[in-house]
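Following: one structure in structure tokens, then a few remarks.
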Amino acid sequence: MRYLPALLAVSAVPALADTIKITVSDDSFDPETATAEKGDILEFHFGAGNHSVAAGEFDSINGPCVPSNEGGFFSGYFDVNSGESDEVFRVTVNDTEPIVFYSTQGRECAGGLIGGVNIKDKGQLEKYREDAAALSQGVAPPKVFGGVVAKAGSDSSDDGDDDSSDNNDGGDDDGDDDDGAAGSVRAGLAGVVGAAGLVAALMV
Ligand SMILES: *[C@@H]1O[C@H](CO)[C@@H](O)[C@H](O)[C@H]1NC(C)=O
Ligand SMILES: *[C@@H]1O[C@H](CO)[C@@H](O)[C@H](O)[C@H]1NC(C)=O
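Under mature numbering (1 follows the signal peptide of the UniProt record, and there is no 0), the letters of the sequence shown match residues -17 to -1, 1 to 187, in that order.
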């Protein structure tokens, strides 16, 4: 149920929050770096290929291309034949600390598919990329977390009620059942089945 706090945080975002669009393609995050304020939303778009985005950590003892120890996010894989995925991955920015992220796919992080937000020292990102180049592959978190999969073009600063169910439908493609709304839909169904079972029992 890690999604519930995330959704509440998104709904609490004031209307003035910026949405920062970052497009993931075979060879880059575009833009590679961006500046964001607290409450802004990073909106990852996925171009052709099979890519993902996960938060890493600068100066991690685990090295580059490894999920951050605390917090962070992972979009899961977006496999896109051509053009751009009709779903996006949205992450709320909680502070102005530097964030480094990478694609967890195969050797993409080693190949330099790395970007960042609020990078104060460009050399830090370059060093991350140099260290990554020595790796045979990146590490992916076990499941999607830390953000919301949503229909591209849907409102990200809405009250969340209508949208969140749409968003969660989209987010459920990967078969995870870790999101709040899907959980309550399931609970609702269980209730219906339970009631039907009770009626059946009464009729016997
Ligand atoms: C996308 O990449 C992931 C990770 O390598 C893989 O598990 C998944 O099967 C790929 N999706 C498709 C449709 O090939
Ligand atoms: C901001 O906080 C939310 C809620 O805890 C979390 O889901 C999200 O991943 C955080 N954002 C970043 C950039 O870590």
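The beta carbon of each residue, even a glycine, is placed where N, CA and C say it ideally should be.
Since the model is a prediction, treat every value here as computed from it, not as a measurement.
So, under 8 Å CB-CB, residue i and residue j are touching, yes? Tell me the CB distance rounded to an integer number of Å.
i: A19; j: V71; result: Going by Cβ atoms, the distance from A19 to V71 rounds to 16 Å, so no, they are not a contact pair.
i: Y111; j: F41; result: 6 Å
Would residue i and residue j be called neighbours here (beta carbons separated by less than 8 Å)?
i: R73; j: A133; result: yes
i: N101; j: I82; result: yes
i: K4; j: D78; result: no
i: G94; j: T16; result: no
i: G59; j: V127; result: yes
i: R90; j: S51; result: no
Would you identify the three-state DSSP class for residue i, choosing helix, strand or coil?
i: Y85; result: strand
i: E70; result: strand
i: L108; result: helix
i: D80; result: Note that residue 80 corresponds to Glu in the displayed sequence, not to Asp. Residue state, collapsed to three classes: coil.
i: A117; result: coil
Please return the same chain residues whose Cβ sits closer than 6 Å to the Cβ of residue i, not counting the five positions on each side in sequence.
i: D1; result: D23
i: F56; result: A38, V74, G129 and G130
i: D13; result: T6
i: A115; result: P47, C48, C92 and A93
i: L108; result: G99 and I102
i: S139; result: T2, I24 and R73
With a threshold of 7 Å on Cβ separation, who are the neighbours of residue i within its own chain once the five nearest residues in sequence on each side are excluded?
i: Y85; result: A37, G39, C48, C92, L96, I97 and G121
i: G29; result: Looking at the sequence provided, one finds Phe at residue 29 rather than Gly. Excluding sequence neighbours, F29 sits near V7, F61, V63, E67 and S68.
What residues in its chain sit with their C-beta under 8 Å from that of residue i, if we drop five residues either side in the sequence?
i: N33; result: Y60, F61, D62, V63 and Q88
i: residue 210; result: This structure cannot speak to residue 210, because the chain is shown only from -17 to 187.
Shell residues, 5 Å Cβ cut-off relative to heavy atoms of ligand 1: The answer, residue by residue, is N33, Y60 and D62.
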